[in-house]
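Novice:
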Amino acid sequence: MPPAVVAGLRMWGRHGRRALTRAVRQEAAQMEDAGACHLAYSALEALRALGGSGRRGGALAAQQARVARRLGASDRALALYAAAARGAARHGDRALTARVRVGVGAVLLQRGQFAAARAAFVEALALASAASASAGSAHHGLLLTATATGNLDLAFAHGRAAYRATAADPMARADLLVTLGRLLHSTGRDRPALRAFAASLRLAAVPPRRGLVWRARALRAQALRGAVSAAACAGDELAAARYARALALAFPGRRSALPLAAHAWIDAAVAHLGRGDPHRATRALARARCATGAPADDACAVGAPATPRLAAACPDEARSRRASSPRPAETRRSRAVTARAPLRLC
Numbered sequence: 000m001p002p003a004v005v006a007g008l009r010m011w012g013r014h015g016r017r018a019l020t021r022a023v024r025q026e027a028a029q030m031e032d033a034g035a036c037h038l039a040y041s042a043l044e045a046l047r048a049l050g051g052s053g054r055r056g057g058a059l060a061a062q063q064a065r066v067a068r069r070l071g072a073s074d075r076a077l078a079l080y081a082a083a084a085r086g087a088a089r090h091g092d093r094a095l096t097a098r099v100r101v102g103v104g105a106v107l108l109q110r111g112q113f114a115a116a117r118a119a120f121v122e123a124l125a126l127a128s129a130a131s132a133s134a135g136s137a138h139h140g141l142l143l144t145a146t147a148t149g150n151l152d153l154a155f156a157h158g159r160a161a162y163r164a165t166a167a168d169p170m171a172r173a174d175l176l177v178t179l180g181r182l183l184h185s186t187g188r189d190r191p192a193l194r195a196f197a198a199s200l201r202l203a204a205v206p207p208r209r210g211l212v213w214r215a216r217a218l219r220a221q222a223l224r225g226a227v228s229a230a231a232c233a234g235d236e237l238a239a240a241r242y243a244r245a246l247a248l249a250f251p252g253r254r255s256a257l258p259l260a261a262h263a264w265i266d267a268a269v270a271h272l273g274r275g276d277p278h279r280a281t282r283a284l285a286r287a288r289c290a291t292g293a294p295a296d297d298a299c300a301v302g303a304p305a306t307p308r309l310a311a312a313c314p315d316e317a318r319s320r321r322a323s324s325p326r327p328a329e330t331r332r333s334r335a336v337t338a339r340a341p342l343r344l345c
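Numbering-wise, numbering that gives the first Met the number 0 puts 161 at position 162 of the sequence shown, and it's gapless, one number per residue.
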């Protein structure tokens, strides 16, 4: 920010600076929610150049640290969290200190330092009130830490505590339910996982504020993708096809990438392979091929770039049949019809 602008804003007065800080932080939160993290970081950096101090300066540093964490700049995020912690300590702000410890734990969790991350989340729990957003985030972080270390009983205990603490925040609860659904699905509890994904979809259907639209959209994509795999592994083919259809319509994807519906069926194929069921894995791969709009007889080719394990799901007969039967020539009319037709799911 130019020095002349900074000097002019300082002359604006204390109340003017507070109004500016509040407006810029709200805009930066919406930028972050929409994925424009670099722009949000720059806006917050320019705002900190005004020399904010006290509780507002600490909260501003904590918000910028969260954006830096999302950008992958973990060292910068830790430095900003340290600045926010100093501001919170000077004013005895326990809520801001708890929020800072949650952020530090999230950075350490990204780095794979699970013991240090767990200690940070425990400190946040000791500082935060039971029904606060920081308590819910801390329990969510402890859920992820326990899952990473293989302590599933502790993970589910923190999941229940986080569910109770996020009663006032539908988006935080929807995010938590996606995490719980993935954990249940990975342990073979497909029906409870499907219920968790469905509950997350209901919570993320209508975001409570305009600034949370993009976050709700991302949560719906994650919940639908998990619901497809969980329903397929639970044997509910109709529900899996319904969720895949909804995923394909809401998130069609780009030309250069596989649609999310195809990724969801590939997830189901990987889960079937992990449970020793190559026949159902092959069927899931066929559905993934259909989700791309390609012929279903080439289903085994879908999983090749995703993971080498998917090659085991393709029987030799399918390979030889695919090699011996050339595809028909595609005419301009057939391409036009295919482009207009709705996405086909087998």
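The beta carbon of each residue, even a glycine, is placed where N, CA and C say it ideally should be.
Using beta-carbon positions only, say whether Ser133 and Ala118 come within less than 8 Å of one another.
Specialist: no
Novice: Give the DSSP-derived three-state secondary structure of Ser128 in the structure shown.
Specialist: coil
Novice: Expressed to the nearest angstrom, what Euclidean distance is found between the alpha-carbon atoms of Ala287 and Val269?
Specialist: 12 Å
Novice: In this structure, does DSSP put Leu309 in helix, strand or coil?
Specialist: Low per-residue confidence applies at Leu309: pLDDT is 44, beneath 50, and the placement is therefore not dependable enough to give any value.
Novice: Under 8 Å by Cβ, that's how I've got Gly158 and Leu179 pegged, so tell me the actual separation to the nearest angstrom.
Specialist: 5 Å
Novice: What is the rounded straight-line gap between the Cα of Asp74 and the Cα of Tyr40?
Specialist: 15 Å
Novice: Tell me, to the nearest whole angstrom, how far the beta carbon of Leu43 is from that of Ala27; I am working on the premise that it is less than 8 Å.
Specialist: Contact holds; Cβ gap of about 5 Å.
Novice: Does the Cβ of Arg159 lie closer than 7 Å to at least one heavy atom of the ligand MG?
Specialist: The model depicted lacks the ligand MG and carries no ligand whatsoever.
Novice: With DSSP as the reference, label Cys299 as helix, strand or coil.
Specialist: With a pLDDT of only 42 at Cys299, under 50, the local geometry of the prediction cannot be trusted, and the value read off the model is given with reservation. Note: Cys299 maps to helix in three-state DSSP.
Novice: Could you compute how far the alpha carbon of Phe155 sits from the alpha carbon of Leu143?
Specialist: 10 Å
Novice: How big is the Cα-Cα spacing for Asp266 and Ala197?
Specialist: 17 Å
Novice: According to DSSP, simplified to helix, strand and coil, what is Ala18?
Specialist: helix
Novice: If the criterion is Cβ atoms closer than 8 Å, does the pair Ala231 and Ala239 meet it?
Specialist: yes
Novice: In whole angstroms, what is the alpha-carbon distance linking Ala35 and His184?
Specialist: Rounded to whole angstroms, the separation of the alpha carbons of His184 and Ala35 is 32 Å.
Novice: I need the boundaries of the alpha helix (DSSP H) containing Pro191, first residue and last residue.
Specialist: 189 to 202
Novice: Since Val390 is in the alpha helix (DSSP H), which residue starts that stretch and which ends it?
Specialist: Residue 390 falls outside the range modelled here, since the chain spans only 0 to 345, and no answer is possible.
Novice: On a Cα-Cα basis, can you pick out the residue from Arg47, Asp92, Gln112, Arg68 that is closest to Arg54?
Specialist: For Arg54, the closest C-alpha among the options Arg47, Asp92, Gln112, Arg68 is that of Asp92.
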